[in-house]
Amino acid sequence: MAAGGGGGAGGSKTYSFKVVLLGEGCVGKTSLVLRYCENKFNDKHITTLQASFLTKKLNIGGKRVNLAIWDTAGQERFHALGPIYYRDSNGAILVYDITDEDSFQKVKNWVKELRKMLGNEICLCIVGNKVDLEKERHVSIEEAEAYAESVGAKHYHTSAKQNKGIEELFLDLCKRMIETAQVDERAKGNGPSQAGGARRGVQIVDDEPQAQSAGGCCSG
Amino acid sequence: MKLDLPQSNKPGQHFCSIQVTSENGALCIINPLFLHEHGDSWLTHNQAKEKRKSVPWISGEGQEEIRLGPPAEDDIQDGHLSNPDKPTNVCEDSCMEEPKVVVTKDEHLNACCKSQENQSTPKLLRKSVIRLHSDPKRENMVEINETQTSDNILIERNKTLRLSRERKSALLRHRVSWIQEEDILKTVLKKANSDTSLSSSDSFLLPPPPELDSVSISSVEEEGDRCSLRPKRHHSHGLGDIVRHSLLAVSTALTGLVSPEKHLGNRIQQLAEDPSSYLGGIVQTFTIQLQKRSVVYLSSTEMLQALRQLLTNSKNHLLERNETLEILERQEIEEFKIASVIESSLYKCVLKPLQSAIYCQLLEMHNKDGSLEMLLDNQKKMKKWSLSDQKPRAGMPGLATMEKIKQRLAHMHKAYSPEKKIRHLLKVCKHIYESMEASSGKKEAFGADDFLPVLINVLLECDLTCVQLDVEYMMELGDPFQLQGEGGYYLTTLFGALYHISTFNTVSRQLSVEAQNSIRQWQRRRTIHHKQTFRKSNQLNEKMSEKYASLLALESS
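Protein chains in written order, with the numbering used here: chain A, 1 to 220; chain E, 221 to 777.
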């Protein structure tokens, strides 16, 4: 982190992350993301903005982040469509309603599926929403947090209604996704220390497709 | 062509005129009022610009002279080759014409055009252009007299050509608009984007760059209510046409009509048509293969991916050409834009001619594998069910909106550019959201929970055969970088909706979704960290392919 933040390289780079929102219908996925992107929750606001797909631009410690948030339909009958949405996501936000035990069970199912399909490359956030209804809580905090830890996810408590915990959730997720991306970069040998100078001169794009292209046209 | 600016420097000299003499002796006279109004810097400015632009494409031909005419022979040829009789794009056509016309004072044009462009914006009006086409053999001399009334802007001074009122009214319909300044262009394009975009915010992570066509507003303004901007084909005959052509040619010269993007587009078209060039070679080989079906593809995806590979290879090749690098060096086209300019040009020279063949083969393949039949059967079944079982929270669009949606889908099917198809798709989604809002009575923002069920119900009323082909076409042929934003989201949703319909009431839904995933190796292209995850996703694909293979074995047993 220090290296990336210190150099001009880290500052000049823009990360684009895709985050998918999963969770049963009515757990408040839409409100959560709307709250975050527009900071409007109550009905007084007249908005034509739709919440299925939202974007947000952030600047975290000099790193620019473009966030694309993909909502999914939470109804059980659409469960099968999950993979086409979460494919190539950098992060997933799995939302449950703290007053609804079933919705937490659904989150567990999603976690299993995501880990199976995408491995550890995806940053998982498990979110207990509606903490304003603490009195009606049916999912214990300890259980939820322990579960999250056991699957390598982070747990958050939010209330879309009271705008609690949402900024933190997304900020934290972004930081984790940046870290993951940086690990990826380093693994590829683009150490951030030298990247600053090197990257500027190098035209980055498409080495691999280019290599393919040679083969492609010969065979064609 | 020589420029003669006799008195333009004298202050207060209102009735000076600029004479512009072209290489073949044609003389153009420019209304002094225009100069009075705008000074003469525009003239030299544009010439300089024009000259600069022309350089890469002309070879030693009059480079030291300021060119007012069509910038290069390339364009002339090019235009003829590509569209001999179809002026679908006026900008392009203008390149074919010789430089024999005249620019007139804006206000004159405005007055003249008023009748038809009440809806248009004044800014656009200022750039209005009339094309005037004249016989190359004739001596061409056109002049504008400032004493003429607004009805009589132009008189072509040779023997025969004199415009009457009636003719003018005919020719005015051929008026096209041209945007000169970049900022205006940006405004218009931005507006178009926000029109297209579902939300008013900047929700395209990567805003779709304008297609080459969108250099003319007509293609950006898709709506019928602004149709006056679109040149109409059926008028392009006879005298009106002649006048129109030539006028446009002059304005081309003076306003720098052929933008660097257009130039590059024309050049690419030219290369693609030349079998001796690398691009022409691979494009034509592929085209012939596909049309003659000399290569047998196992699946529709394989075919489309081969086509996408061709587009990608061609793009990479073009990006590395010296000509392209020179353009970048001179900063005629910004670096981030050039790839999309090339992409759009390639759509035009590869996908446009192949579109019907692609549809045809896709249809055959899906008829053969039974997937289309399944989709259509389920569509019928679900239609019955939807009446009783599935009630989405927000209501279905009414008949009128459904009609609009169907029309929009028809447009989507017609478009050859994946990018344009996606724009149509976004409009469809917008219609749906609007009717959801209307029926729910409150302005609430809808998420996927609400939207997807309605989309599915809407689709049940539509021609799913076309939609299915379009989805595949967009997913496989579209530029990966343009599939990351809103367009990518709604395309995914459309795909999901179709998938939901086609697997309605079947048992092994989840497993076969994985199968679908494995076939569509979409990760490779849609990944946000395109290259970083390249390897990753390949591994994933391999995993999935294995799964799919075992699945197939299961299903067939």
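Built from N, CA and C at the ideal position, the CB exists for glycine as well.
Predicted model only: the values in this text are computed from it and were never measured.
Taking 8 Å as the CB threshold, E:Ala665 lines the interface with chain A. Contact annotation: in the stretch 62-73 of chain A, residues whose CB is within less than 7 Å of a CB in chain E are Asn66, Ala68, Trp70, Asp71, Thr72, Ala73. Secondary-structure assignment with DSSP links A:Trp70 through a beta bridge to A:Val20, A:Phe53. In the displayed model, A:Tyr15 falls within a strand according to three-state DSSP. In this structure, DSSP gives A:His138 a state outside helix and strand, which the three-state scheme calls coil. In the three-state reduction of the DSSP assignment, A:Tyr156 falls in the strand class, which pools E and B. Apart from the 5 residues on each side of it in sequence, A:Lys164 sits with its Cβ closer than 8 Å to the Cβ of Val131, Asp132, His157, Thr158 in its chain, given in chain order. For A:Ala146, the three-state secondary structure derived from DSSP is helix. Per DSSP, reduced to three states, the secondary structure at E:Arg513 is coil, with no helix or strand assignment. When beta bridges are read from the DSSP output, A:Tyr36 appears opposite no residue.
Boundaries for E:Asp669: no beta strand (DSSP E) harbours it, while the alpha helix (DSSP H) harbouring it runs 668-680, taken from the DSSP string.
Bounds of any alpha helix (DSSP H) do not take in A:Asp100, whose DSSP letter is neither H nor E. Closer than 8 Å to the CB of E:Thr621 there is not a single CB belonging to chain A. Listed along chain A, no residue sits closer than 9 Å to E:Gln702 by beta-carbon distance, the nearest being about 13 Å off. Spanning the alpha carbons of E:Leu530 and E:Met523 requires a straight line of approximately 11 Å.
Excluding its 5 nearest sequence neighbours in each direction, E:Val687 has C-beta neighbours in its own chain below 7 Å: Leu629, Leu679, Leu718, listed in chain order. Under the Cβ distance rule, A:Leu114 does not count among the residues neighbouring chain E, no pair being separated by less than 8 Å. DSSP places A:Leu124 within a strand segment (E or B) once states are collapsed to three. Under the three-state reduction of DSSP output, A:Arg64 falls in the strand class. Taking CB atoms only, E:Leu499 has no neighbour in chain A less than 8 Å away. In the DSSP assignment, A:Cys174 falls within the alpha helix (DSSP H) that extends over 166-187.
Listed as beta-bridge partners of E:Asn486 by DSSP are no residues whatsoever. In the same chain as E:Gly501, and ignoring 5 residues on each side of it, the C-beta atoms closer than 7 Å to its own belong to Pro495, in chain order. Note that the stretch 47-67 of chain A touches the stretch 705-713 of chain E; at least 3 beta-carbon pairs, one per stretch, sit closer than 8 Å. Annotation: Cβ neighbours of E:Glu706 in chain A (cutoff 7 Å, chain order): Phe53. Spatial neighbours of A:Arg64 in its own chain (CB-CB distance under 6 Å, excluding positions within 5 residues in sequence) are listed in chain order as Thr14. Sorting E:Pro573, E:Ser534, E:Leu527 by C-alpha distance to the C-alpha of E:Ala635 places E:Pro573 at the top. In this structure, DSSP gives A:Asn163 a state outside helix and strand, which the three-state scheme calls coil. If you draw a 10 Å sphere on the C-beta of A:Ile60, you find fewer than 16 other C-beta atoms in it, and that means exposed. Residue pairing by DSSP places A:Ile93 opposite A:Leu21, A:Cys125 in a beta bridge. At least one CB of chain E lies nearer than 8 Å to the CB of A:Leu34. Contact of E:Thr712 with chain A is assigned, a C-beta pair being separated by under 8 Å. Interface criterion met: the Cβ of E:Phe715 is under 8 Å from a Cβ in chain A. Residue burial is scored here from C-beta neighbours: A:Arg35 has at least 16 other C-beta atoms within 10 angstroms and is therefore classed as buried. For A:Leu81, there is no enclosing alpha helix (DSSP H), as DSSP gives it neither H nor E.
Cβ atoms of E:Leu571 and E:Leu689 stay farther apart than 8 Å, at about 13 Å.
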